[in-house]
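Quick notes on the structure that follows.
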Ligand SMILES: Cc1ncc(C[n+]2csc(CCOP(=O)(O)OP(=O)(O)O)c2C)c(N)n1
Ligand SMILES: Cc1ncc(C[n+]2csc(CCOP(=O)(O)OP(=O)(O)O)c2C)c(N)n1
Ligand SMILES: [Mg+2]
Ligand SMILES: [Mg+2]
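Chains as they are written, first to last, in this note's numbering: chain A, 1 to 336; chain B, 1 to 336; chain C, 1 to 320; chain D, 1 to 320.
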């Protein structure tokens with residue numbers, strides 16, 4: 001194990017997979033400039049700076065993936081994916097199915113998003129749910145350096161098109177990361193960084209540490225919270241979540257993205273369609289608002305779920321009898 | 001009232017609004033060719049055929065909307081919206097907020113989608129939930145000719161950017177439509193085409209008639225089903241849905257789009273977060289699969305919710321004691 | 001004309017007849033209730049002229065108006081009809097229907113019906129070839145319309161292909177129409193080649209209804225790509241003789257323009273050429289046409305007998 | 001040089017100094033922890049030369065690298081700094097931050113930081129003008145980078161503007177860099193004007209570091225648009241003297257290239273020009289520079305004293 005940042009872990013994953021499989025190539029605006037060690041080792045044919053043209057980067061990756069290569073593309077920021085939607089949604093997501101299974105699209109699309117840098121709504125938009133809603137794609141969004149490495153490696157080895165979202169706020173956080181090039185983190189398996197009995201907190205990316213902090217505080221107040229880190233948003237590890245709900249009877253979903261038709265909606269739906277009898281309290285969504293990300297630090301922080309809100313939401317379920325109703329959700333959340 | 005198809009009702013709405021307000025203009029690939037009466041009356045400056053370039057059609061509409069015009073754009077098919085996502089999601093949806101409220105974007109985007117024509121997944125993709133998830137946009141998808149006219153008129157008068165989805169399968173269905181140019185259907189209000197006591201069926205577009213048919217069959221079996229036609233997916237009429245759940249205690253959501261992070265997920269979440277105590281049974285989603293739309297008639301029909309499935313889902317709640325568990329959902333639906 | 005030239009043209013003429021018969025039958029089936037199709041009637045010489053200049057190792061991408069490309073590449077009409085009718089024996093098991101038919105066994109590797117989608121995918125196919133995947137020396141040809149040239153992805157694809165020196169043949173079938181909009185409502189007359197030339201790509205613009213002109217332009221473009229690995233651009237000026245799709249009555253089309261292009265029907269032109277060269281008498285013509293129609297009738301019968309896909313397969317092959 | 005020319009240049013020089021002081025202060029604030037900004041250091045002459053050729057009735061769209069455009073148009077540095085620092089007195093109440101600042105009161109009507117976003121929006125602004133909204137005879141100017149010219153939307157915007165004869169001035173600040181990629185890694189050298197010319201749009205390419213050249217090209221382009229209502233295209237060849245944003249150390253930049261362009265710093269060039277014409281002695285220069293810095297210090301103090309937006313306003317103004 002080596003201690004490194006998420007950014008370093010991702011680069012290491014690319015390094016190892018490009019060594020292992022010469023069909024892997026990396027393309028993007030600045031892909032070669034920003035990862036010079038990769039560019040040196042694998043040369044300009046496999047590590048390509050591209051023109052600033054997301055649609056053709058993505059389309060080219062899809063065409064190449066169907067033709068023997070295994071591209072990884074870096075589209076920089078999640079809102080830039082709007083330029084690449086045809087290639088990702090209509091081609092990568094659909095043409096395997098529509099052709100009757102004639103081709104596969106082993107490709108990975110990297111994009112950063114999330115608060116912490118005050119970049120505002122055109123560089124920070126947690127729109128991962130759009131790709132969960134679209135068919136044919138896998139969607140990953142890890143919370144630790146280790147998972148970032150292990151999941152990126154798994155994504156590169158996967159035969160499906162994978163959207164890999166990198167939380168900007170976690171990019172420079174450090175963690176212990178496996179040195180074994182053979183280690184991967186399987187796609188579709190959630191992690192349970194904390195076990196508990198009374199309530200299930202489900203989250204991913206930046207808000208996983210928020211949930212862990214909330215769980216620690218809740219412990220002080222006699223509440224035992226389980227924390228699930230989804231890591232993979234599609235496929236979703238519904239078994240893990242349902243098992244936990246079966247034990248705790250209470251579900252709170254926490255994420256930075258809007259809850260409206262988001263992952264929180266999906267998990268709340270999962271609970272009420274498939275674990276109805278186990279539920280002992282209303283499900284609560286603690287999510288970002290139905291608003292673009294404002295740049296101002298003050299507003300950015302107000303938009304991101306904080307540990308105290310999670311604690312309040314849990315206590316609002318009446319677990320220690322202290323709170324009632326929709327406590328823990330600020331007023332604007334009531335509408336979502 | 002006059003009997004006409006949805007297609008005719010939409011054209012009539014355009015006609016009336018363009019007469020009422022000379023700032024309204026219509027642009028799109030074939031907009032003038034396909035609506036020759038409009039082109040004749042309002043001339044080539046206000047009814048514009050465009051190059052085949054959705055991104056600039058949408059961007060131009062956004063720029064024009066911020067500058068005194070009220071554009072309606074016809075982007076033909078919902079999957080073509082993938083080319084226009086930057087203009088719609090990043091510009092129309094965000095720039096009002098990010099500029100601190102300096103501008104408004106009164107514009108309407110028309111797009112057709114839905115099964116019935118065997119066109120397959122690149123012309124038929126019910127991706128309306130993506131725009132519900134994105135901030136700053138309104139999303140409409142009516143089920144009748146009357147609502148199509150009334151809502152399109154309301155959308156043209158609205159100061160927000162509106163996505164207006166037209167269900168291909170309803171395009172040539174007829175209904176009674178108001179002749180009064182002053183009549184509109186307010187955005188954000190659901191309709192309740194059938195009242196009932198035992199279960200709430202919530203739907204929109206093509207599956208509203210499916211639910212009405214199911215409700216009629218259920219009545220034969222002694223079950224009283226309420227049918228809600230959302231019409232407006234954003235803003236959602238949560239009051240209407242919650243009121244109904246408070247009375248029936250049972251919720252089934254039916255739509256053709258995938259349920260995963262879809263409208264069905266949002267409504268199930270609404271129920272379990274805000275009507276938990278009223279719920280007397282699991283919520284059920286009867287939706288399209290997590291798959292592209294196949295072209296073959298056989299597969300297209302298999303993907304679209306049918307009345308019998310809705311009936312089975314209701315009976316599966318144990319309302320008449322006949323069924324148990326997840327009846328009414330075919331095997332592939334279990335995963336959604 | 002040499003004997004071998006006549007033989008080549010005769011063979012090509014047979015293919016044109018087969019495509020025409022196929023398209024006419026698809027229109028007729030649609031009239032009877034089968035799904036809508038976009039016919040390439042009037043554009044057959046583009047498909048045959050270009051595809052005859054390619055080799056089996058080459059790869060092809062096409063779009064919604066693909067029947068001519070498929071048949072020119074040797075696709076079985078049986079499986080095309082089965083696909084359009086949504087049956088299990090179609091090239092894509094009925095999943096595609098008419099709009100996105102791919103036939104990898106024929107090297108028609110990807111088809112997108114999002115206008116411009118084929119242009120987004122093509123550089124990647126050529127990149128894989130350049131990087132050693134597929135047969136050595138192989139190239140990629142992408143067919144698209146004048147409408148697709150208005151999409152921004154056209155510009156992006158041209159730039160990338162030129163910059164990365166991809167073995168890619170751009171084939172624009174400029175049929176003067178973009179669904180219900182005339183091309184000249186969307187661009188200047190010589191715009192398409194001007195745009196391609198702005199990217200420094202070698203460009204030819206030829207009469208797309210003259211199969212010899214198409215074929216020779218395509219051959220020289222293909223040879224150039226094989227020689228220097230750089231992209232080439234071909235504009236084929238042709239005409240969509242029928243409506244955009246299905247039963248579109250072309251009410252919006254200028255009658256003189258239509259009359260002019262009808263007189264330049266590529267089948268008519270090639271038939272005249274062959275007749276003048278003594279390679280095709282009326283009797284042979286009638287026989288060839290009869291063969292084409294017979295083949296298409298068999299294809300329809302095959303397709304109509306083909307089973308529907310099983311509803312239980314609905315969610316198969318979404319994921320790998 | 002006439003006295004009035006000298007006066008014009010002197011006034012422009014003051015603006016260049018103010019922009020430079022502003023940008024340097026933004027870099028310094030970022031070093032101390034304030035949000036990242038994309039500085040226009042090295043490109044100031046483009047902004048001032050073009051915007052001085054516009055009138056108050058005209059409309060402007062810009063992008064992520066907007067401070068120079070804002071100041072050239074008369075924006076208050078106080079409100080720029082407040083915006084970058086996320087404060088309530090910023091042009092957008094802190095919502096935008098540095099990346100999407102619009103200032104409608106100045107005619108800077110829309111700003112998109114999605115590269116190419118400004119190009120997608122500009123034709124609509126010009127269309128509204130053409131259709132009688134806004135002041136008669138007004139035109140629209142859109143600023144964008146060489147990177148934006150690689151996006152497909154560039155092609156779509158050029159085509160629409162040419163086809164619909166929109167009163168739109170395209171201003172490409174070709175600063176040789178697209179974030180961390182050199183322009184020549186993405187296109188041929190003369191590509192940008194070639195692309196614009198492919199659309200039949202009248203094009204000028206001038207030295208963007210020579211404010212007189214920029215100004216006179218812009219004036220003639222603006223006059224042409226007002227005369228015939230058709231779009232014009234201006235390529236300004238310039239250089240991004242600092243990194244892409246914030247503390248980017250430019251380690252990837254060729255040292256000779258950087259040295260060359262530093263010697264062509266637009267402030268240096270204009271200072272020399274004015275000195276030679278006898279319009280600027282060392283004393284005056286020092287005084288002007290002092291004024292600029294004082295103004296910027298005041299602006300920073302103002303911004304830092306400005307309150308944070310209220311968290312309760314978080315979801316206001318999402319919908320109209
Ligand atoms: C992005 C997109 N916009 C619109 C459509 C609907 N559509 C299908 S074909 C077509 C016309 C395309 O014109 P062109 O590219 O010239 O090809 P042609 O049909 O003439 O062969 C249109 C508008 C689509 N499929 N994709
Ligand atoms: C569509 C899109 N892709 C990527 C980015 C990230 N990004 C911001 S500025 C920039 C470089 C833009 O280059 P250019 O257009 O030449 O403008 P310059 O920064 O040189 O002024 C990039 C890649 C973005 N904002 N939008
Ligand atoms: Mg065409
Ligand atoms: Mg640049």
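Glycine is no exception: its CB is placed at the ideal position from the N, C-alpha and C atoms.
- Message: For a contact defined as C-beta to C-beta under 7 angstroms, what are the partners of residue 29/A on chain D?
- Response: 178, 179, 181
**Asked** In three-state terms, what does DSSP make of residue 139/D?
**Response** coil
Endpoints, the beta strand (DSSP E) within which residue 172/D is located
168-174
At least one CB of chain B closer than 8 angstroms to the CB of residue 261/A: is that the case? yes
Counting Cβ pairs, one atom from each stretch, are 3 or more of them under 8 angstroms apart for the region 128-139 of chain D and the region 73-82 of chain B? no
Is any non-hydrogen atom of ligand 3 found closer than 7 angstroms to the C-beta of residue 116/C, if you look at the structure I gave you? No, ligand 3 has no heavy atom inside 7 angstroms of this Cβ.
Open item on the list: When you compare the region 113-125 of chain B with the region 111-119 of chain C, are there three or more beta-carbon pairs, one atom per stretch, that lie closer than 8 angstroms?
Closed with: yes
In whole angstroms, give me the CA-to-CA distance for residue 320/C and residue 133/C. In this model, residue 320/C and residue 133/C are separated by some 21 angstroms (Cα to Cα).
Which of the three DSSP states is assigned to residue 307/D in this structure? coil
For a cutoff of 8 angstroms on Cβ pairs, would you count residue 172/C as touching chain D?
no
Exercise for the section: Assign residue 262/A to one of three DSSP states: helix, strand, or coil. Expected result: coil
Inter-residue spacing [alpha-carbon to alpha-carbon] between residue 167/C and residue 230/C:
Cα to Cα, residue 167/C sits roughly 5 angstroms from residue 230/C.
Practice item. Hey, could you find the ends of the beta strand (DSSP E) residue 234/B is sitting in? Key: 232-234
- In chain A, what lies closer than 7 angstroms to residue 399/C by C-beta? Nothing can be reported for residue 399/C: it is not among the residues displayed for chain C, which extend from 1 to 320.
For residue 105/D, which of helix, strand or coil comes out of DSSP?
-> helix
Closer than 8 angstroms to chain A by CB, residue 133/B:
yes
Query raised in the report: Is any heavy atom in ligand 2 found nearer than 7 angstroms to the beta carbon of residue 384/D?
Result: The first residue shown for chain D is 1 and the last is 320, placing residue 384/D beyond what the model contains.
Handout entry: 9 angstroms Cβ cut-off: residues of chain C touching residue 52/B
Key = 115, 116, 145, 146, 147, 148, 149, 150, 151, 178, 179, 181, 186
*How would you list, in chain order, the residues of chain D whose beta-carbon sits under 7 angstroms from the beta-carbon of residue 160/B?*
319, 320
Please determine whether the Cβ atom of residue 117/B lies at a distance below 7 angstroms from any heavy atom of ligand 1.
Every heavy atom of ligand 1 is 7 angstroms or more from the Cβ of residue 117/B, so no.
ask   = According to the Cβ coordinates, are residue 236/C and residue 185/C closer than 8 angstroms?
value = no
Cα separation between residue 89/D and residue 71/B? 32 angstroms
- Query: Could you check where the beta strand (DSSP E) with residue 233/C kicks off and where it finishes?
  - Reply: 232-237
Problem - Check: residue 189/D C-beta below 7 angstroms from any heavy atom of ligand 4 - result: no
**Prompt:** Any idea what DSSP makes of residue 342/A, helix, strand or coil?
**Reply:** Any property of residue 342/A remains undetermined from this structure, which presents chain A solely from 1 to 336.
Terminal residues of the alpha helix (DSSP H) in which residue 141/B lies: For residue 141/B, no alpha helix (DSSP H) run applies, since DSSP gives it neither H nor E.
- Helix, strand or coil at residue 365/B [DSSP, three-state]: Nothing about residue 365/B can be read from this structure; chain B reaches only from 1 to 336.
Compare the C-alpha of residue 116/B against each of 134/B, 187/B, 315/B, 305/B and name the closest.
The shortest C-alpha separation from residue 116/B is found at 305/B.
- prompt: At a cut-off of 7 angstroms, is residue 179/D close to ligand 2 when judged by its beta-carbon and the heavy atoms of the ligand?
  reply: yes
Residues of chain D with CB under 7 angstroms from residue 200/C, in chain order?
-> 188
Report task. Would you check if there are 3 or more beta carbon pairs closer than 8 angstroms linking the region 185-205 of chain A to the region 154-168 of chain A? Result -> yes
Worksheet entry | 8 angstroms Cβ cutoff, residue 104/B in contact with chain A | Chain A contact via Cβ: absent.
DSSP on residue 108/A, reduced to helix/strand/coil? strand
- Chain-order list of residues whose beta-carbon lies under 8 angstroms from that of residue 94/A (same chain, five-residue window excluded): 135, 136
(request) Determine the chain B residues that contact residue 220/A at a beta-carbon separation under 7 angstroms, and present them in chain order. (result) For a Cβ distance threshold of 7 angstroms, nothing in chain B lies close to residue 220/A: the least Cβ distance comes to about 26 angstroms.
Beta-carbon proximity of residue 2/A to residue 180/A, cut-off 8 angstroms = No, they are not a contact pair.
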